[in-house]
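Worksheet for the structure shown next.
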Amino acid sequence: MRKHIDSNDIIAFEAVSKIYGTGDVALESASFSIARGSFTCIVGPSGGGKSTALKIIAGLEEPSSGTVMKPDHVSMAFQSGALMPWLTAQGNAALPLEARGMEGDKAAREARKWLRMLGLRGLEGKLPRELSGGERQRVGIARALAVNPAVLLLDEPFAALDPKTTDELHKDIVGIWRETGKTVVMVSHSIEEAVALSTRVLLMKGHAVRKAFDIDLPHPHRAHALAFSREVAHIRKEFFK
Ligand code: ADP
Numbered sequence: 008m009r010k011h012i013d014s015n016d017i018i019a020f021e022a023v024s025k026i027y028g029t030g031d032v033a034l035e036s037a038s039f040s041i042a043r044g045s046f047t048c049i050v051g052p053s054g055g056g057k058s059t060a061l062k063i064i065a066g067l068e069e070p071s072s073g074t075v076m077k078p079d080h081v082s083m084a085f086q087s088g089a090l091m092p093w094l095t096a097q098g099n100a101a102l103p104l105e106a107r108g109m110e111g112d113k114a115a116r117e118a119r120k121w122l123r124m125l126g127l128r129g130l131e132g133k134l135p136r137e138l139s140g141g142e143r144q145r146v147g148i149a150r151a152l153a154v155n156p157a158v159l160l161l162d163e164p165f166a167a168l169d170p171k172t173t174d175e176l177h178k179d180i181v182g183i184w185r186e187t188g189k190t191v192v193m194v195s196h197s198i199e200e201a202v203a204l205s206t207r208v209l210l211m212k213g214h215a216v217r218k219a220f221d222i223d224l225p226h227p228h229r230a231h232a233l234a235f236s237r238e239v240a241h242i243r244k245e246f247f248k
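Numbered according to the numbering used here, the sequence shown spans residues 8 to 248.
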């Protein structure tokens, strides 16, 4: 899939390939773009290159060839939350701010603000092992947002959570996207979830984006209520083609 870069695009991949040192091909001439302020979900079969695309946007991997346009200020929340086990929720959320040289009190204030926004008021002093899976994930997202990134990257953030917790977090993440106007790019293994949350779904297969679907539904939808929707059926057909 090729597309000319639009002035509203915040991210653009042009013929990007990524071959790891092991010889594994992750991306093969992948081209796609992501509009500023959009909520984009990347779906596709395992091994299709979704995480690699996200890592390149995050600056954690370099492409082997092709061109990537992306802002410098990007931050990523990982599947498990990836928290420091010896730091409290507040300590974890403040960590990237302190690493950037922000003074302790200010970093703590800022961290608390984002923890509250993620519904964690009262849990600031808890250690990761004292939190539920959903709460840990919320701390990971608060930490990613605390540095005020232009783009928030989410790598299957709900994969390990139960359906009720996932529903609640879906609502919150869409609320935060609306409130902050940030660009959100999320990898998901669920087509229903992608349709429920995003404004655009990119289908990644065989190491490139094969198709983009604009989703014109009010957000957020309950993901399970969309199982038999036209949008999901349409993407599923392409997914299994
Ligand atoms: P997806 O997220 O769609 O499952 P990935 O981007 O994780 O796809 O992986 C795409 C391909 O690249 C797979 O074949 C995978 O084994 C390979 N791969 C991913 N990360 C690495 C790595 N760090 N080293 C070597 N190969 C990798």
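Virtual Cβ for every residue (Gly too), placed ideally from N, Cα, C.
Whole-Å CB distance - residue i paired with residue j, under 8 Å assumed
i: H231; j: E199; result: 7 Å
i: D79; j: S40; result: D79 to S40, Cβ: 18 Å. No contact.
i: K212; j: G51; result: 5 Å
i: V158; j: K189; result: 7 Å
i: I49; j: A42; result: Actually they do not touch by this definition, with Cβ atoms about 14 Å apart.
i: S38; j: T206; result: Contact flag wrong, Cβ pair sits at about 20 Å.
i: S139; j: P70; result: Their Cβ separation, rounded to whole angstroms, is 37 Å, which puts S139 and P70 out of contact at 8 Å.
i: M76; j: A65; result: About 14 Å; that fails the 8 Å criterion.
i: V181; j: G88; result: Not quite, the Cβ-Cβ distance comes to about 19 Å (not below 8 Å), so this is no contact.
i: D179; j: L125; result: 7 Å
i: S36; j: A22; result: 5 Å
Residue i - containing beta strand (DSSP E), residue span
i: A42; result: V32 to A42
i: S58; result: Element bounds for S58: not the beta strand (DSSP E) but the alpha helix (DSSP H), K57 to A65.
i: A22; result: D16 to I26
i: V216; result: A215 to D221
i: T47; result: F46 to V50
Residue j beta carbon less than 8 Å from that of residue i
i: V194; j: E175; result: no
i: A96; j: L127; result: yes
i: L34; j: H214; result: yes
i: V216; j: L210; result: yes
i: P267; j: L102; result: Not covered by the structure: residue 267. The range shown for the chain is 8 to 248.
i: L122; j: E131; result: yes
i: V191; j: L168; result: no
i: Q86; j: A166; result: yes
i: V208; j: I183; result: no
i: G129; j: T172; result: no
Span of the alpha helix (DSSP H), counted from its first residue to its last, around residue i
i: F165; result: No alpha helix (DSSP H) holds F165; DSSP gives it neither H nor E.
i: K244; result: R237 to F247
i: E251; result: The requested residue 251 is not part of the displayed model; the chain covers only 8 to 248.
i: V154; result: Careful: V154 lies outside any alpha helix (DSSP H) and carries neither H nor E.
Residue environment, residue i, which counts as buried when at least 16 other CB atoms sit within 10 Å
i: N277; result: The structure shown does not extend to residue 277, since the chain is modelled only from 8 through 248, so no value can be given for it.
i: T74; result: exposed
i: L67; result: exposed
i: A240; result: exposed
i: R9; result: At R9 the pLDDT is 49, less than 50, meaning the model places this residue with poor confidence and gives no usable figure here.
i: E238; result: buried
i: A249; result: No answer is possible for residue 249: the residues shown for the chain start at 8 and end at 248.
i: K57; result: buried
i: P156; result: buried
i: R143; result: buried
i: G108; result: exposed
i: A118; result: buried
i: F220; result: buried
i: T47; result: buried
i: G28; result: exposed
Heavy atom of ligand 2 within 7 Å of residue i beta-carbon
i: M211; result: Within the structure as shown, ligand 2 is missing, the only ligands being ligand 1.
Any C-beta of chain D under 8 Å from that of residue i
i: V81; result: Structure shown: chain D not included; a single protein chain is present.
| Start-end ranges of the beta strand (DSSP E) lying completely within the region 77 to 112, minimum 3 residues | Runs of the beta strand (DSSP E) inside the region 77 to 112: 81 to 84.
| field | Continuous alpha helix (DSSP H) assignments of at least 4 residues falling wholly in the region 175 to 209 | value | Taking 4 residues as the minimum length, the alpha helix (DSSP H) runs contained wholly in the region 175 to 209 are 198 to 204, in order along the chain.
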